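Student: The structure's right below; bear with me while I get my questions together.
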Amino acid sequence: MKNRIAAVLMSICVAASMCACGSGSGTAQPSQPAEEAQEGASGAGEATAEEAAADDTAAEADTLAQEDADLSDVRPSVSLMRFNKYEDKDMTTIASCSYDAPALIEEAAIAYPQLNKTLTTDSDAIAAQYEKSFDEIEEAAESAYDDLEGDAEDFPAGKIEGSMEVVRCDTSVLSLLDTTYIYYPGSAHGMTGFDGYNYDTASGNPIELSDVFADMKAMETAIADNLVSTATGEKVPVEDSMLEFAFEDAYENLNWVIDRESVRFLFGPSDVAPYALGTVEARLYFDEHPELFTGKYGTASGSYVQKLNPYELYAVDLDGDGSKETLSVNGIEEETDSYYHTGLEVHVGEEAYTQEVEFYDFSAYLFHTEDGSNYVYAITGSDNDYQTLTVFAIKDKVVSTVGQMEGTGAGVSFVTMVDDDGEFDAEKSFSEWFPFTDPAHFALATRMQLMSSCSAMRYYEVGSDGMPVPQTEQYQIRNGIELTSLVELKEEEVDEMTGALTGKEVDLPVGSKCTFYGTNGSDTVDLRMEDGTIVRFHVDGNFPQTVNGVNLEEAFDGVVFAG
Numbered sequence: 018m019k020n021r022i023a024a025v026l027m028s029i030c031v032a033a034s035m036c037a038c039g040s041g042s043g044t045a046q047p048s049q050p051a052e053e054a055q056e057g058a059s060g061a062g063e064a065t066a067e068e069a070a071a072d073d074t075a076a077e078a079d080t081l082a083q084e085d086a087d088l089s090d091v092r093p094s095v096s097l098m099r100f101n102k103y104e105d106k107d108m109t110t111i112a113s114c115s116y117d118a119p120a121l122i123e124e125a126a127i128a129y130p131q132l133n134k135t136l137t138t139d140s141d142a143i144a145a146q147y148e149k150s151f152d153e154i155e156e157a158a159e160s161a162y163d164d165l166e167g168d169a170e171d172f173p174a175g176k177i178e179g180s181m182e183v184v185r186c187d188t189s190v191l192s193l194l195d196t197t198y199i200y201y202p203g204s205a206h207g208m209t210g211f212d213g214y215n216y217d218t219a220s221g222n223p224i225e226l227s228d229v230f231a232d233m234k235a236m237e238t239a240i241a242d243n244l245v246s247t248a249t250g251e252k253v254p255v256e257d258s259m260l261e262f263a264f265e266d267a268y269e270n271l272n273w274v275i276d277r278e279s280v281r282f283l284f285g286p287s288d289v290a291p292y293a294l295g296t297v298e299a300r301l302y303f304d305e306h307p308e309l310f311t312g313k314y315g316t317a318s319g320s321y322v323q324k325l326n327p328y329e330l331y332a333v334d335l336d337g338d339g340s341k342e343t344l345s346v347n348g349i350e351e352e353t354d355s356y357y358h359t360g361l362e363v364h365v366g367e368e369a370y371t372q373e374v375e376f377y378d379f380s381a382y383l384f385h386t387e388d389g390s391n392y393v394y395a396i397t398g399s400d401n402d403y404q405t406l407t408v409f410a411i412k413d414k415v416v417s418t419v420g421q422m423e424g425t426g427a428g429v430s431f432v433t434m435v436d437d438d439g440e441f442d443a444e445k446s447f448s449e450w451f452p453f454t455d456p457a458h459f460a461l462a463t464r465m466q467l468m469s470s471c472s473a474m475r476y477y478e479v480g481s482d483g484m485p486v487p488q489t490e491q492y493q494i495r496n497g498i499e500l501t502s503l504v505e506l507k508e509e510e511v512d513e514m515t516g517a518l519t520g521k522e523v524d525l526p527v528g529s530k531c532t533f534y535g536t537n538g539s540d541t542v543d544l545r546m547e548d549g550t551i552v553r554f555h556v557d558g559n560f561p562q563t564v565n566g567v568n569l570e571e572a573f574d575g576v577v578f579a580g
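Now the structure itself:
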């Protein structure tokens, strides 16, 4: 698994100079993630003297690079690689698996080499654990299916699903929360569990509870006193024996993360309370319990992005006066169809603001900028997965609509992998997500209809009015579509390091195979040839489209337009 992810990361390397660096806290140059395979995987055996010496040299180089890097205003950028697996029998899916493996994008890996090394090792372990659990579920599902009596359509398929969230990402702390749902065929219900991954950003080392808490016994008492149901917000009575189990084995059974204001301890249903109470959480705030903490880690300052789960109430200081206002984002449901919505509502305190927009599902985020401004970015999804970004401003606790970006949502790329025979490998291919963590540097993907239907991604920063401002002219495209030339073509070469034309013309013989690389979003598309050369096509986007004056479908086989 380690080698697979390392190979995957290497395969999607994009030159750093293709994208410009933003300004302010947490900026970094955009790119796909890329790092060489890291040494030291578990089970690799003892290192030779030469390997040990090489490791020492690499560690020294990492230390020097860390000392030379100016990390004062650059937070690491993280991507999440989502892998999917399925097991079918007699045309019926009997088991499925999906999970996220975290990685630093290329520039963050360069700026934080030790963090990158630690995260790569943990990412490999996360993937290996999900693969192992899926093998167990698959075996149980096959046995249950063989014993099935009745219609296969009613078979309760086994499932393991992991979802990774970036809880905090700054120059002090990188904290990730992995939420896992597991269902074994025939079980009365599924199981939910949590794993927290906390790192010191500068050193790259995992953060231990003893690094955060000054008095471990006092921490135990504080956890017991602050248990609440995440579904209702009501206090949960302590189940002593169950909580004692969580404190055993040097707290290895505790799952926790560090957010901007607190340390959160998470417990799955039945971990410390009856199953019916659902997920239970204890949140210990830095400013409310200063005596608990060592002071090494504390409340974050500056800009941030906070995910706003639909219909949940959040307490946020929106005006910087030290007091918190309630904030929530809701969908207005169509009476005849609970899955269909006709608008968005942003609630601040007792006031509600409504924006008409039609959608089936949505996600929302609070963007708090360095100058103290607040914006809600809401991404709605409608038919054919068409997304729309709606931006709201919150000023003096009053909400207003800033604008919309049609066909635009969170940054995501699909990375196609092939097997040894050059055929598409569904299990190794994956979607790569770029979660929002920094208002000065975030990825958005926009649907394009140039030479095929595709999702094109680039990085943005929040502008003075709240709308996203692009940091590059070019978009990146990773859609897995392969075009084959049907006629001889002559195109302009693009320098991969700079994104500029080299002035050299490249011949594309009949049968040349190309994959999508980038676009300016209006009239040029860059394709990568099999030998790695990148060439630029000038496109007339009016249908029927032409490339350099040649009808698109006469020039290429493999063109795909959706809808």
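Residues in the sequence shown are numbered consecutively from 18, following our numbering.
We put the CB at the ideal spot given by N, CA and C, even for glycine.
Note that this is a predicted model, so its numbers are computed, not measured.
(1) Can you name the start and end residues of the alpha helix (DSSP H) that threonine 296 belongs to?
(2) Would you kindly work out how many angstroms separate the C-alpha atoms of phenylalanine 578 and serine 472, rounded to a whole number?
(3) Tell me which same chain residues have a C-beta within less than 7 Å of the C-beta of glycine 566, skipping the five on either side of it?
(4) With 16 as the cutoff for other CB atoms within 10 Å, does glutamate 261 come out buried or exposed?
(5) Enumerate in chain order the residues of its own chain whose CB-to-CB distance from serine 5 is below 7 Å, with the five nearest sequence positions on each side excluded.
(6) Apart from the five residues just before and just after lysine 341, which ones in its own chain have a Cβ nearer than 7 Å to its Cβ?
(7) List the DSSP bridge partners of isoleucine 411.
(8) With DSSP collapsed to three states, give me the class of lysine 134.
(9) Excluding five sequence neighbours on each side, which residues of the same chain lie with their C-beta closer than 6 Å to the C-beta of threonine 197?
(10) Taking the alpha carbon of leucine 518 as the reference point, which residue from Ile551, Thr532, Arg92 has its own alpha carbon closest?
(11) With a threshold of 7 Å on Cβ separation, who are the neighbours of aspartate 436 within its own chain once the five nearest residues in sequence on each side are excluded?
(12) Which residues in the same chain have their Cβ closer than 6 Å to the Cβ of leucine 500, if we skip the five residues on either side of it in sequence?
(13) Does the Cβ-Cβ distance between tyrosine 147 and tyrosine 116 come in under 8 Å?
(14) Helix, strand or coil for phenylalanine 451, going by three-state DSSP, please let me know.
(15) Does glutamine 488 come out as helix, strand or coil in the three-state DSSP assignment?
(16) Considering only the alpha carbon of each residue, which of Tyr534, Leu193, Glu509 lies closest to glycine 497?
(17) Tell me the rounded alpha-carbon separation between glutamate 571 and leucine 506.
(18) In angstroms, rounded to a whole number, what distance separates the CA positions of tryptophan 273 and histidine 555?
(19) For phenylalanine 560, is the classification buried or exposed, using 16 other Cβ atoms within 10 angstroms of its Cβ as the cut-off for buried?
(20) Output the distance between the C-alpha atoms of valine 527 and leucine 503, rounded to the nearest integer angstrom.
(21) In terms of residue numbering, what span does the beta strand (DSSP E) encompassing isoleucine 127 cover?
(22) Count the other C-beta atoms from every protein chain shown that fall within 10 angstroms of the C-beta of glutamate 337, then say buried if there are 16 or more, exposed otherwise.
(23) Could you tell me whether the Cβ atoms of serine 345 and glutamate 367 are closer together than 8 Å?
(24) Confirm, please, whether the CB-CB distance from threonine 316 to phenylalanine 303 is below 8 Å.
(25) Pick helix, strand or coil for serine 160, following the three-state DSSP scheme.
(26) Across which residues does DSSP place asparagine 272 in a beta bridge pair?
(27) Using only alpha-carbon positions, find the residue among Tyr382, Tyr162, Thr218, Pro452 that is nearest to isoleucine 127.
(28) Looking at C-alpha atoms only, which residue of Cys114, Lys445, Gly516, Gly389 is the closest neighbour of glycine 339?
(29) For alanine 241, report the span of its alpha helix (DSSP H) as first-last.
(30) Quick one: is aspartate 242 buried, meaning 16 or more other Cβ sit within 10 Å of its Cβ, or exposed?
(31) In whole angstroms, what is the alpha-carbon distance linking aspartate 85 and glutamate 362?
(32) Nearest-angstrom Cα distance between leucine 88 and tyrosine 129?
(33) Under the three-state reduction of DSSP, which class applies to phenylalanine 151: helix, strand or coil?
(34) Output yes or no for whether 8 Å exceeds the beta carbon distance between arginine 464 and tyrosine 492.
(35) Given a cut-off of 8 Å on the beta-carbon distance, is the pair tyrosine 392 and glycine 319 in contact?
(36) Please state whether DSSP places serine 189 in a helix, a strand or coil.
Tutor: Concretely, from the data shown:
(1) Here threonine 296 belongs to no alpha helix (DSSP H), and DSSP marks it neither H nor E.
(2) 12 Å
(3) none
(4) exposed
(5) Since the first and last residues shown for the chain are 18 and 580, residue 5 lies out of range.
(6) Excluding sequence neighbours, lysine 341 sits near Ala332, Val333, Asp334.
(7) Asn391, Val416.
(8) Looking at lysine 134 - three-state DSSP - the assignment turns out to be helix.
(9) Gly179, Gly210
(10) Ile551
(11) Asp442
(12) Cys531, Phe573, Gly575
(13) yes
(14) DSSP, reduced to helix, strand and coil, places phenylalanine 451 outside both helices and strands of the structure shown, so it counts as coil.
(15) coil
(16) Tyr534
(17) 12 Å
(18) Distance between the alpha carbons of tryptophan 273 and histidine 555: 52 Å.
(19) Exposed, since its Cβ has fewer than 16 Cβ neighbours within 10 Å.
(20) 5 Å
(21) For isoleucine 127, there is no enclosing beta strand (DSSP E); the residue is found in the alpha helix (DSSP H) stretching over 123 to 128.
(22) The sequence given here places glycine at residue 337; glutamate does not occur at that position. Glycine 337 should be labelled exposed.
(23) At the C-beta level, serine 345 and glutamate 367 stay beyond 8 Å of one another.
(24) yes
(25) helix
(26) Leu283
(27) Residue Thr218 is the option with its Cα nearest to isoleucine 127.
(28) Gly389
(29) DSSP places alanine 241 inside the alpha helix (DSSP H), whose first and last residues are 233 to 242.
(30) exposed
(31) Residue placement at aspartate 85 cannot be trusted, given a pLDDT of 42 that sits under 50; what the coordinates show is reported in the next sentence. Those two C-alpha atoms are separated by around 47 Å.
(32) At leucine 88 the pLDDT is 43, less than 50, meaning the model places this residue with poor confidence and gives no usable figure here.
(33) helix
(34) no
(35) no
(36) Coil, per DSSP.
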